[in-house]
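What follows is one structure encoded as structure tokens, with my remarks underneath.
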Amino acid sequence: MANYYYEINKMLDKLMHKVLVYDRKGFKINGKEELSLLDIHVLRKIGQVNNKKIYELVKDLEIDRGLIASVMKKLILNGYITKEKSEEDKRVYILRLTDEGKEMCKKTLDIQKDLLNFVLSDVTLNEEKAILKFLSKINQTTLSTNQGEIYAKK
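The working numbering puts the first residue of the sequence shown at -5, with every later residue one more than the last.
Listed below in structure tokens is the structure:
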């Protein structure tokens, strides 16, 4: 383990804190309603296929159906998505982005791209590889652990 353990841990704590604060406050894009990170994530998931069934969204995001319902309600009220009954199966609801939803989805992707370009602007190829390896390992630990199992292994 390198000599930077303490600093890396401190930066991860700061990053997690900022993510939680930003998510709580919400992001105001073009003066519109504040969207949480989850709101933005749901919007993007629907935008990937633009014909997303609610049960598919719940399965993809691995989030409680009630939480998804409250996010959907907010996105519908803000005019970003529509909810319609399926023609084939009237029990199934399909979510679609409105034109405003497509525009908002594009804006959030553009903002993310700009931020990532800023972060990576003065990073070497080897540093990019190290960052990718680091993020991959973090992703592996979050996927392989289930609600604190990582701590139980000690």
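Note that beta-carbon positions come from the ideal geometry of N, C-alpha and C, so glycine has one too.
With a minimum length of 4 residues, the unbroken runs of alpha helix (DSSP H) contained wholly in the region 100 to 142 fall at 119 to 138. Of all C-beta pairs linking the region -4 to 15 to the region 38 to 51, fewer than three are shorter than 8 Å, placing the two stretches out of contact. Residue pairing for Lys47: DSSP places it in a beta bridge opposite Ile88. Going by beta carbons, Met98 and Leu37 fall inside the 9 Å limit. The alpha carbon of Lys101 has as its nearest neighbour, out of Asp7, Gly25, Lys19 and Asn3, the alpha carbon of Gly25. The three-state secondary structure of Lys77, taken from DSSP, is strand. The residues Gly73, Tyr74, Ile75 and Thr76, in chain order, have a CB closer than 8 Å to that of Thr92 in the same chain once the five nearest residues on each side in sequence are set aside. At the C-beta level, Ile34 and Gly95 stay beyond 9 Å of one another.
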